[in-house]
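**Student:** Let me give you the structure first, and then I'll get to my questions.
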Amino acid sequence: MKKIYLGILTLIAVLFIGGCSTNEKADDETIVESVLQQQYKIDNFKINDTESKKMPKDKNASNGKTYDDVHLIKANFTYKDRIFDLDLLYNYEGGENYTILYSYTDLDKENSIDVPLESKK
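Residue numbers (mature numbering (1 follows the signal peptide of the UniProt record, and there is no 0)): -26 to -1, 1 to 95.
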């Protein structure tokens, strides 16, 4: 009986963890898509891969604003038959709200965002 109970708990845990990572992946791709369309003004691209990592809290070095839920996304995408990399650092603020702290792609180096952070000092 204990083995069945343990098996059920393990299955629930695996399904829960798997579901969370799928949602995070979808959110990452949504943010990447939004940045490419709004900041870099491109359409007709394909997101090939995204990798996300939770980062430590940080603070704006200019105005002291604290960022409590910082995430790093490394992605690559295809645009006009070429593959480009995209690095994003953002602070999740709840719901569909986030602030881009850093963005860089080799597609358009002039349109990058680089908020001064204390961690860069």
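Heads up, the beta-carbon is just placed ideally off N, CA and C, and yes, glycines get one too.
With a threshold of 7 Å on Cβ separation, who are the neighbours of I74 within its own chain once the five nearest residues in sequence on each side are excluded?
**Tutor:** Counting from 1 along the sequence shown, the entry for residue 74 is found at position 100. Excluding residues within five positions, the ones whose Cβ falls inside 7 Å are V9, L62, Y64, I87.
**Student:** To which residues of the same chain is T89 closer than 7 Å at the C-beta, ignoring the five residues directly before and after it?
**Tutor:** In the sequence shown, the residue the question calls residue 89 occupies position 115. Note that residue 89 corresponds to Val in the displayed sequence, not to Thr. Closer than 7 Å at the Cβ level, and outside the excluded window around V89, lie N34, L75, Y76.
**Student:** Let me know the secondary structure DSSP gives N85 once reduced to three states.
**Tutor:** The residue you call residue 85 lines up with position 111 of the sequence shown. In this structure, N85 counts as helix in the three-state DSSP scheme.
**Student:** Report all residues from its chain with a CB closer than 7 Å to the CB of residue 98; omit the five preceding and five following residues, and keep chain order.
**Tutor:** Outside the displayed span of the chain (-26 to 95) sits residue 98, for which this structure offers no information.
**Student:** Take the Cβ of S26 as the centre, count every other Cβ of all protein chains shown within 10 Å, and call the residue buried at 16 or more, exposed below.
**Tutor:** Position 52 of the sequence shown holds residue 26. It counts as buried.
**Student:** Using three-state DSSP, classify S77 as helix, strand or coil.
**Tutor:** For the purposes of this step, residue 77 is identified with residue 103 of the sequence shown, where counting begins at 1. Strand at S77.
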